[in-house]
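Undergrad: In this note's numbering, the protein residues as written are 32 to 348.
Quick look at the structure:
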């Protein structure tokens, strides 16, 4: 474990604080958003670079994992999100819709970093990304209709841009690099891969910093919303962590596969949800605010979960 991984909790929390600080200056607030995707792309490029294509093919053949994660993400999770909202957010319908939008969209980017930190099966986690991404944007209007009593069209451009940015571009670039360096494996294995292994947490932290610099003022001007959303969001992560551990044992998954399942069903895709909310509900800013606040609570929890999984690994060893 390199020095960045050892202090990754502190680095991520520091990134949140620095992002909120710079968000108080108009220049940084206006321009920070344009840096989120580039830093995430660098992080994902490094991850995909370390995964040979043949491993992805093998991972995608793991049908028990694929079926399990899909059922939990797209059958169990929407019901859980609606139930938690009914209990804690019934008096705040806009926040309830935002909460549902956040919780029914599995993460398709930075959860891979936490899977890597927790020594999970990154190729396996990567193999379910296309399905998670497609199903979440196709089913989100259905969930809104069933659970929130409304349905809004999702522009095809949003789907295409999301797939292109968070999956296709870094994946293609990473494997184009591998192909270009197929005769220079020493450089690839001794220099390029170690560099991205050491700096992935930094790219993640820079993306987090940019995210909170661009959206932090929403939070600071509506602090009471944190108190309203904190308990249902926390309960969602706690319950799904328990579900992952229970199902992982029942399915006899390895530690690495159980880590992948845990992060796949815990981490949420707030950037995609936020983009959809801004387009679908321009007159209801509280929906977008709920999706901005989500990462404030989610990121520390993912950091804690990754360390908890590592401690479970040590105990079992």
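Note that beta-carbon positions come from the ideal geometry of N, C-alpha and C, so glycine has one too.
#1: Suppose the cutoff is 8 angstroms on Cβ atoms and the five residues either side in sequence are ignored; what does the same chain contact list for residue 336 look like?
#2: Can you tell me which of the three DSSP states residue 213 falls into?
#3: The alpha helix (DSSP H) spanning residue 127 covers which residue range?
#4: On a CA-only basis, which of 338, 347, 254 and 308 is nearest residue 324? Give me that one, please.
#5: Considering just the uninterrupted stretch of the alpha helix (DSSP H) at residue 345, what are its terminal residues?
#6: Could you compute how far the alpha carbon of residue 163 sits from the alpha carbon of residue 215?
#7: Does the pairing of the stretch 136 to 145 with the stretch 277 to 289 give three or more beta-carbon distances under 8 angstroms?
#8: Along the chain, where does the alpha helix (DSSP H) that runs through residue 272 open and close?
#9: Classify residue 199: buried if its beta carbon has 16 or more other beta carbons within 10 angstroms, exposed otherwise.
#10: Is residue 72 near the ligand NAP, judged by its Cβ being under 7 angstroms from some heavy atom?
#11: DSSP puts residue 137 in a beta bridge; with which residues?
#12: Which value, in whole angstroms, describes the spacing of the CA atoms of residue 166 and residue 231?
#13: Which residues mark the beginning and the end of the alpha helix (DSSP H) in which residue 116 is found?
#14: If you drop the 5 nearest sequence neighbours on each side, which residues of the same chain put their C-beta closer than 8 angstroms to that of residue 182?
#15: What's the call for residue 64, buried or exposed, on a 16-neighbour Cβ count within 10 Å?
#16: Helix, strand or coil: how does DSSP classify residue 182 here?
#17: Can you tell me the Cβ-Cβ gap for residue 120 and residue 126, rounded? I've got them flagged as a contact below 8 angstroms.
#18: Kindly indicate the opening and closing residues of the alpha helix (DSSP H) around residue 98.
#19: Determine the DSSP secondary structure at residue 252, reduced to helix, strand or coil.
#20: Among the candidates 137, 78 and 240, whose CA atom is the shortest distance from the CA of residue 159?
#21: Using C-beta distances below 7 angstroms, list every residue in its chain close to residue 116, excluding the 5 sequence neighbours before and after it, in chain order.
#22: Would you identify the three-state DSSP class for residue 55, choosing helix, strand or coil?
#23: Assuming residue 238 contacts residue 56 under a Cβ cut-off of 8 angstroms, what Cβ separation, rounded to an integer in Å, is found between them?
TA: Short version:
#1: 145, 149, 268, 272, 293, 294 and 297
#2: coil
#3: 124 to 134
#4: 254
#5: 316 to 347
#6: 35 angstroms
#7: no
#8: 255 to 281
#9: exposed
#10: This structure lacks the ligand NAP; in fact it carries no ligand of any kind.
#11: 299
#12: 27 angstroms
#13: 108 to 119
#14: Per-residue confidence for residue 182 stands at a pLDDT of 47, beneath the threshold of 50, marking its modelled position as unreliable; no derived number is given.
#15: exposed
#16: Any reading at residue 182 must be qualified, since the residue scores a pLDDT of 47, below 50, and its modelled position is unreliable; the value itself is stated next. In the structure shown, residue 182 sits in coil (DSSP, three-state: anything other than H, G, I, E or B).
#17: 5 angstroms
#18: 94 to 102
#19: coil
#20: 137
#21: 127, 130, 131 and 263
#22: coil
#23: Going by Cβ atoms, the distance from residue 238 to residue 56 rounds to 19 angstroms, so no, they are not a contact pair.
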